[in-house]
Each structure stands twice: as structure tokens, then as C-alpha cells.
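In what follows, a single structure is set out as C-alpha cells and then discussed.
Numbering (my numbering), first residue to last: 66 to 221.
This is how it looks when you write it as C-alpha cells:
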């Protein structure tokens, strides 16, 4: 499926990486969810992705049908079911993710601040902007140096 840059995006970050077997099942479940995801009886042009065994990304191209409150609620329910099944937290917006030596790590806001103060993380460290709203933003502004992210304002 082709998705336009204006396609809506929702990103949910796990507080830990999924194992290979968990990731395989999650990808299968994501595909099944996206295939049946509807808004007011209209099939959504949707897909789900698991990136870095940690980020669940839902994408909807709204040209065919627009995601509604009820359909978004269903996606939240799906994510909550992943939380329950795998014992993870996917709704903590201050679970900070960063990339070091091509590995993705996550930590609490307090731990992130300590890593900054200890110079374990610096302005060039890649962080993840899970607040992106469109596929275009996901492609261009999801993985960015800390200095170019909202993190720089919060942790100035």
C-alpha cells in the first residue's frame, strides 16, 4: 500500500524492547488489526509497523475514509491489549527514547536528565519525536538530533 505524506500517524513506545518472538507476534497482530480497522463501517486504508522492536506505529491514509473517535478508541484498545499481554507501558509520554551506537534505549525523564548532565547524551544524540502527526513528519522528523527536537526545550 502507498501512503501519502499527509497520512495520520500514531506512535506508541514500549518501555522495553520486545523479544524477537514477541515482535513477530506483534507484527502479525498489527497486520490483522489494520486489515479490519474501520470507521463508521468504512474500511480504513491502514497499516501498522513495529520499529526497533519498541515502537508501534499506526498509519491511516484518510483519502478513502477518516479515522473517527470510535475507530481511534479501538486502536487505543488494541494498544492496551498489547500492554496487558506483554507487561509493558506504551502510554508513558515521558518514557524517553534515544539512540546510541545504533541501539535504541529508553529511560525515565529523570534518568534522561541524569544522562544529559553526565554527558552520556549530548545535543547530537538521536532522540525520537513520538509527537509527529503525519507520515511526512514521521519520515523527516521522527529520529532527530536532540538539539533539533522538543527535548532540547524541555531539558534546556
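Glycine residues also receive a C-beta, built at the ideal position from the N, C-alpha and C atoms.
- Excluding its 5 nearest sequence neighbours in each direction, residue 81 has C-beta neighbours in its own chain below 8 angstroms: 119, 153, 171, listed in chain order.
- Taken atom to atom, the span from the alpha-carbon of residue 77 to that of residue 121 is near 5 angstroms.
- Residue burial is scored here from C-beta neighbours: residue 184 has fewer than 16 other C-beta atoms within 10 angstroms and is therefore classed as exposed.
- For residue 78, the uninterrupted beta strand (DSSP E) segment begins and ends at 73-78.
- By the beta-carbon neighbour count (other beta carbons within 10 angstroms, threshold 16), residue 142 is exposed.
- Contact between the region 187-199 and the region 207-220 is present: three or more C-beta pairs spanning the two stretches fall below 8 angstroms.
- For residue 90, no pairing in a beta bridge is given by DSSP.
- Assigned with DSSP and collapsed to three states, residue 113 falls in strand.
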